[in-house]
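Each protein sequence line maps, in turn, to chains A and B.
Counted the way my numbering counts, the first sequence spans residues 61 to 702.
Counted the way my numbering counts, the second sequence spans residues 2 to 370.
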Amino acid sequence: MTTPTLSDDRRHLTTRLTVLQGIVAGAFAMLAVGFWVFQVAQREKFEVMAENNHSRRLQLPAPRGVLFDRNLKVLVENQNTFNITLDREQAKSNLSDTLRLLAEVTGTDEAVLKETVNRKRREPSYRPIVLIENATLEQVYAVRVRHYELVGIDYQEVPARKYPSSDLAAHLFGYVSEVNEAQLARSDYSGIEPGAQVGQAGIEQSYNKLLMGTDGDRFVVVNSLGREMRETSVTPPKEGRRLQLTIDADVQRAVEEGFHAAGYNGAAVILDPHNGEVLSLVSLPAYDPNAFSGGIDRATWNSLNTDKLKPLQNRALQGRYSPGSTFKIAVATAGLQEGVITPDFRVHCSGGASFYGRYFQCWKKGGHGTVDLRHAIEQSCNVYFYTVGNMLGVDKIHKWASALGLGEKTGIDLPNEVQGLVPSTQWKRQRFNEKWYAGETISVAIGQGQVSLTPLSMAVMMMTVANGGTRYTPHLLKAVDDGPGWTPVTPPPPKDVVPMKPENVAAIRDGLWAVVNGAGTGGRARIVGRDVSGKTGTAQVISLTGARAMAGKMDVRDHGWFVFFAPRDNPQIAGVVFAEHAEHGANAAPIAKYAIETYFAKLEGKPLPTLTPTPPTAVPADDPVVAPVTPPAGPGRSGQRP
Amino acid sequence: MFERRLYFHFDWLLLVVILVITGIGIAMIYSTTYVTLPDGGHAGPQVRTQLYALAIGLVAFLVFVALDYRLLAEHSLALYGALCALLLFVLIKGSTQMGAQRWIPIGPFNFQPSEFGRVVIALILAMYFGENRRGARNPGDLVAGGIFTGVPLLLIAKQPDLGTAVTLIPVFLGVTFLGGLRMRLLGVLALVTVLVLVPVAWTFALKDYQKARIMTFLDPEKDPRGEGYQQIQARITVGSGGLTGKGFRGGTQGQYKFLPVAHNDFIFSVLAEEQGYLGVLTALGLYLFVILRSLQTARLAKDRLGAYLVGGIIAGFSFQVIYNVAMSAGLAPVKGITLPLMSYGGSSLIAALASFGLIINVRMRRFTN
Numbered sequence: 061m062t063t064p065t066l067s068d069d070r071r072h073l074t075t076r077l078t079v080l081q082g083i084v085a086g087a088f089a090m091l092a093v094g095f096w097v098f099q100v101a102q103r104e105k106f107e108v109m110a111e112n113n114h115s116r117r118l119q120l121p122a123p124r125g126v127l128f129d130r131n132l133k134v135l136v137e138n139q140n141t142f143n144i145t146l147d148r149e150q151a152k153s154n155l156s157d158t159l160r161l162l163a164e165v166t167g168t169d170e171a172v173l174k175e176t177v178n179r180k181r182r183e184p185s186y187r188p189i190v191l192i193e194n195a196t197l198e199q200v201y202a203v204r205v206r207h208y209e210l211v212g213i214d215y216q217e218v219p220a221r222k223y224p225s226s227d228l229a230a231h232l233f234g235y236v237s238e239v240n241e242a243q244l245a246r247s248d249y250s251g252i253e254p255g256a257q258v259g260q261a262g263i264e265q266s267y268n269k270l271l272m273g274t275d276g277d278r279f280v281v282v283n284s285l286g287r288e289m290r291e292t293s294v295t296p297p298k299e300g301r302r303l304q305l306t307i308d309a310d311v312q313r314a315v316e317e318g319f320h321a322a323g324y325n326g327a328a329v330i331l332d333p334h335n336g337e338v339l340s341l342v343s344l345p346a347y348d349p350n351a352f353s354g355g356i357d358r359a360t361w362n363s364l365n366t367d368k369l370k371p372l373q374n375r376a377l378q379g380r381y382s383p384g385s386t387f388k389i390a391v392a393t394a395g396l397q398e399g400v401i402t403p404d405f406r407v408h409c410s411g412g413a414s415f416y417g418r419y420f421q422c423w424k425k426g427g428h429g430t431v432d433l434r435h436a437i438e439q440s441c442n443v444y445f446y447t448v449g450n451m452l453g454v455d456k457i458h459k460w461a462s463a464l465g466l467g468e469k470t471g472i473d474l475p476n477e478v479q480g481l482v483p484s485t486q487w488k489r490q491r492f493n494e495k496w497y498a499g500e501t502i503s504v505a506i507g508q509g510q511v512s513l514t515p516l517s518m519a520v521m522m523m524t525v526a527n528g529g530t531r532y533t534p535h536l537l538k539a540v541d542d543g544p545g546w547t548p549v550t551p552p553p554p555k556d557v558v559p560m561k562p563e564n565v566a567a568i569r570d571g572l573w574a575v576v577n578g579a580g581t582g583g584r585a586r587i588v589g590r591d592v593s594g595k596t597g598t599a600q601v602i603s604l605t606g607a608r609a610m611a612g613k614m615d616v617r618d619h620g621w622f623v624f625f626a627p628r629d630n631p632q633i634a635g636v637v638f639a640e641h642a643e644h645g646a647n648a649a650p651i652a653k654y655a656i657e658t659y660f661a662k663l664e665g666k667p668l669p670t671l672t673p674t675p676p677t678a679v680p681a682d683d684p685v686v687a688p689v690t691p692p693a694g695p696g697r698s699g700q701r702p
Numbered sequence: 002m003f004e005r006r007l008y009f010h011f012d013w014l015l016l017v018v019i020l021v022i023t024g025i026g027i028a029m030i031y032s033t034t035y036v037t038l039p040d041g042g043h044a045g046p047q048v049r050t051q052l053y054a055l056a057i058g059l060v061a062f063l064v065f066v067a068l069d070y071r072l073l074a075e076h077s078l079a080l081y082g083a084l085c086a087l088l089l090f091v092l093i094k095g096s097t098q099m100g101a102q103r104w105i106p107i108g109p110f111n112f113q114p115s116e117f118g119r120v121v122i123a124l125i126l127a128m129y130f131g132e133n134r135r136g137a138r139n140p141g142d143l144v145a146g147g148i149f150t151g152v153p154l155l156l157i158a159k160q161p162d163l164g165t166a167v168t169l170i171p172v173f174l175g176v177t178f179l180g181g182l183r184m185r186l187l188g189v190l191a192l193v194t195v196l197v198l199v200p201v202a203w204t205f206a207l208k209d210y211q212k213a214r215i216m217t218f219l220d221p222e223k224d225p226r227g228e229g230y231q232q233i234q235a236r237i238t239v240g241s242g243g244l245t246g247k248g249f250r251g252g253t254q255g256q257y258k259f260l261p262v263a264h265n266d267f268i269f270s271v272l273a274e275e276q277g278y279l280g281v282l283t284a285l286g287l288y289l290f291v292i293l294r295s296l297q298t299a300r301l302a303k304d305r306l307g308a309y310l311v312g313g314i315i316a317g318f319s320f321q322v323i324y325n326v327a328m329s330a331g332l333a334p335v336k337g338i339t340l341p342l343m344s345y346g347g348s349s350l351i352a353a354l355a356s357f358g359l360i361i362n363v364r365m366r367r368f369t370n
């Protein structure tokens with residue numbers, strides 16, 4: 061091995077240094093190219109990614125519009141509550157630990173939290189999901205002090221609905237809860253984001269769009285821990301429209317108090333016969349709508365749904381009941397308007413009468429003697445109305461009942477109204493493909509048989525009779541506040557206008573007046589100087605033979621109706637009280653009386669009356685529960701046909 | 002000792018560029034560690050620490066300029082012994098931070114001996130190959146050099162600080178390459194490394210998190226929240242900077258801590274975010290100047306000892322710069338390799354300034370006997 065010379069050595073070194081220079085320069089060139097690709101060529105992509113990293117959009121939920129009564133008294137407002145939320149992008153890696161700790165510190169069920177996360181897993185991951193609605197202050201503090209351990213958990217102040225206490229007008233207002241997936245798929249819910257609170261019943265549902273308002277946003281910069289560093293922009297939420305309802309809070313309360321005092325469930329509707337404005341709409345038993353705002357717990361929801369008394373049902377427009385004697389008003393109207401009878405038409409009642417080979421009883425054993433229309437209404441004489449009904453035939457009864465709104469949808473601005481039924485030959489043919497037997501008409505004439513009607517439609521009948529034939533559409537919205545002030549809402553057009561002859565109207569009014577102020581069954585609604593006019597009715601829950609079979613298994617006591625308007629001349633209010641299992645319409649009358657007193661006291665600026673409970677008395681022996689010897693045929697009944 | 006003639010040959014230009022780079026680093030540390038409060042804010046404590054380190058580093062620089070590098074080389078064995086002793090001491094008694102034992106606490110500061118490994122290795126290898134009158138040509142030389150490098154490398158790797166340990170290898174390669182190592186041997190070395198060391202290391206030496214890092218580098222999207230997080234965030238940081246950057250303290254990735262240890266391993270990412278591609282080119286240009294100027298110094302060196310010394314130091318330095326810059330753009334697996342002169346870290350800065358003292362030392366003394 062030769063020792064290299066120094067110059068050899070030096071040359072060698074120089075070469076290798078040049079190689080090193082080349083390697084370094086090459087590496088730097090590659091780095092320069094690499095950075096160029098990221099910083100210049102793909103800049104936009106990375107800018108978006110950086111933006112998404114640190115920018116968060118937080119929704120500022122808009123308060124729903126406040127609901128006022130007709131006198132601008134606040135009915136439903138908002139209060140702030142706390143939601144505990146989860147940002148899944150932050151919590152991703154240790155979500156289950158976070159949920160376990162959250163459940164521990166807030167005293168909630170971990171399984172429920174997990175299920176909530178799972179249920180909302182399809183929502184965009186950047187949007188925080190609500191884990192605990194309506195959180196208590198203790199829960200909020202617990203989350204706050206463990207901010208660093210509970211990665212991605214935060215809390216949010218949100219406006220929630222505050223309904224009046226004591227469940228006032230629960231069915232009227234309805235309730236709000238989170239929009240469900242079925243609704244999101246519907247076109248009328250377009251523009252509503254998952255997680256939004258929407259009206260699910262009552263006014264809250266029917267005027268949801270007006271009430272919802274527009275959510276605001278807050279864009280904030282967060283650091284890698286999700287901590288908020290600063291705010292970049294804020295769009296404040298726009299509160300929903302304020303709505304003035306046609307409801308009178310005092311009348312509404314009076315009706316509900318009346319029911320509570322008497323101990324009945326049921327329904328009541330009171331209308332302004334001049335325009336169809338709803339002054340009061342009651343359904344009992346009610347529920348507490350506050351339980352829904354801020355998330356209802358499953359136990360409460362289940363009990364509401366399985367309750368045999370069906371507290372979620374709005375009986376006023378979703379319950380159908382046999383109208384009993386109150387239907388005689390429709391039959392009287394039909395007889396008079398068709399010209400089949402005049403007010404002076406007389407019938408002799410001997411306690412019953414035969415039609416088509418069968419004997420139909422009147423409720424009064426000895427009979428009413430000879431009565432004209434006024435007295436027939438006053439006494440609720442079955443024989444009179446059997447006779448008129450027989451003369452009319454079922455189709456003319458159907459025609460005039462419909463004109464008064466019976467068996468029709470009223471078109472009220474509340475969701476899920478059901479349609480009642482007044483039978484006709486056409487209906488029977490379509491429904492059963494059978495011929496109508498003239499004998500069936502006799503039962504229909506006193507509101508039995510297949511006749512089944514909603515309390516709301518009965519109120520519409522009374523309104524239409526009271527105003528002489530204009531069937532206004534009952535409605536609840538009086539005015540909307542768009543911001544600058546109240547804008548009156550154009551009321552919906554009347555469903556039908558069938559002018560009734562004044563002498564016909566007068567005769568019916570006289571008869572109804574006498575029911576309350578004469579020898580009739582409505583005496584318990586009598587108010588001195590108010591000329592309350594009305595009619596009681598009793599609806600069988602079940603046929604007499606059925607009642608005996610079912611006795612002890614269910615409440616088989618009859619329902620009581622009281623339909624009314626007041627005063628007799630130029631009526632100011634018209635309505636219905638339907639009291640479940642009150643056994644007789646007379647027991648529903650005091651509820652109406654208290655409401656009417658309240659209404660007039662308010663109208664005249666007098667102090668509101670106080671309720672003096674009138675306990676149900678012994679049933680006066682009057683109404684036709686026991687009327688026909690043969691119970692009328694119909695679905696669910698014993699199947700015997702006259 | 003410090004003659005006027007030496008002063009005349011002092012490489013002011015290199016010193017100025019080095020100080021400029023250090024200054025940029027301090028500015029970036031200031032930017033990322035700034036503590037924002039509702040009513041203003043203040044600089045983070047790291048800036049002050051770095052300034053202290055700069056002062057100490059300048060003293061070390063002066064010491065390493067003033068003493069003749071041949072004198073230092075003569076004592077390299079003692080320095081080498083001291084290094085190994087300190088590394089052993091760290092392993093046994095050092096303070097533990099973030100799961101690694103790297104530091105010796107000295108008052109308020111933590112001294113990290115491994116950062117001085119490169120200088121000492123460069124000195125002893127340059128001494129060994131530069132004074133034996135034949136360079137590093139034979140397998141025997143290679144083995145000897147390998148042992149010199151291997152002992153501290155293993156000690157550092159044991160801490161565990163694989164990143165710093167790996168930076169010793171380019172020093173060894175740089176010296177032996179300049180020492181005339183036959184290309185064939187170099188090839189064999191590379192082959193052995195790939196065929197033997199990689200599988201062996203993968204099986205026995207690498208910890209699970211280290212394996213995970215490498216796997217993640219190959220496919221960062223596989224685990225965007227875990228190991229791939231830093232890499233993705235590094236790319237976002239760099240890419241979103243664009244051509245001109247988001248401005249001083251205007252970055253979002255570093256400022257809001259999306260990029261971990263931004264002031265340390267990822268200082269260059271912050272530079273790229275806030276100063277943009279133009280800032281990147283400027284910084285790369287400064288680093289390239291430092292490296293090429295140093296290689297020039299090696300070329301001018303009076304003796305092989307000087308050339309090897311500079312070559313070893315600058316090989317390690319270049320490797321660190323290239324690797325860290327690549328990593329800061331997510332172009333290399335995330336390893337704890339700092340960017341010399343810019344990254345936060347006192348020991349690193351002091352060691353870097355000391356090593357440039359040696360390089361200027363060699364250039365300055367090129368005409369002396």
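All C-beta atoms, glycine included, are put in the ideal place defined by N, C-alpha and C.
All values reported here derive from a predicted model rather than from experimental measurement.
Would you grab the beta carbon distance between residue i and residue j for me? Rounded to a whole angstrom, and I think it's under 8 Å.
i, j, result
"B/Met-328", "B/Phe-11", "Not a contact, Cβ separation roughly 34 Å."
"A/Asn-154", "A/Val-218", "Between A/Val-218 and A/Asn-154 the Cβ distance is about 27 Å, and since that is not below 8 Å, they are no contact."
For a test of the three-state rule: what should DSSP assign to residue i, helix, strand or coil?
i, result
"A/Val-576", "helix"
"B/Ile-233", "helix"
"A/Asn-143", "strand"
"A/Asp-69", "helix"
"A/Tyr-235", "coil"
"A/Arg-47", "The question about residue 47 of chain A has no answer here: the residues shown for chain A are numbered 61 through 702."
"B/Thr-369", "coil"
"A/Ser-440", "coil"
"A/Ser-382", "coil"
"A/Ala-681", "Caution applies to A/Ala-681, whose pLDDT of 49 falls short of 50 and renders its modelled position unreliable; the value that the coordinates give is listed next. Correct three-state label for A/Ala-681: coil."
"A/Asn-546", "The sequence shown places Trp at residue 546 of chain A, not Asn. Strand at A/Trp-546."
"A/Arg-531", "strand"
"A/Thr-598", "strand"
"A/Lys-561", "coil"
Keeping to the same chain, check which residues put their C-beta closer than 8 Å to that of residue i; ignore five residues upstream and five downstream.
i, result
"B/Leu-279", "Leu-244, Thr-245, Gly-246"
"B/Asp-162", "Ala-101, Arg-103, Ser-115, Gly-337"
"B/Ala-44", "Tyr-31, Thr-34, Tyr-35, Val-36"
Taking 8 Å as the cut-off, decide whether the C-beta atoms of residue i and residue j are in contact.
i, j, result
"A/Val-391", "A/Gly-449", "yes"
"A/Thr-485", "A/Pro-534", "no"
"A/Asp-310", "A/Leu-536", "no"
"B/Ala-316", "B/Pro-153", "no"
"A/Arg-116", "A/Val-338", "no"
Going by beta carbon distance, what residues of the same chain come within less than 6 Å of residue i, once the five residues before and after it are set aside?
i, result
"A/Ala-642", "Tyr-324, Gly-620, Ala-648"
"A/Pro-403", "Leu-433, Ala-567"
Using 7 Å as the cut-off, classify the Cβ of residue i as near or not near the heavy atoms of the ligand GTP, replying yes or no.
i, result
"A/Leu-80", "Judged by which ligands are present, the structure shown has none, so any question about the ligand GTP falls away."
Beta-carbon within less than 7 Å of residue i's beta-carbon, same chain only, minus the 5 sequence neighbours each way: which residues are those?
i, result
"A/Arg-278", "Leu-118, Leu-120, Glu-291, Val-294"
**Request:** Determine which residues of the region 229 to 263 of chain B have a Cβ less than 7 Å from any Cβ of chain A, and write them out in chain order.
**Result:** Arg-236, Ile-237, Val-239, Gly-240, Ser-241, Gly-242, Gly-243, Leu-244, Thr-253, Gln-254, Tyr-257, Lys-258, Phe-259
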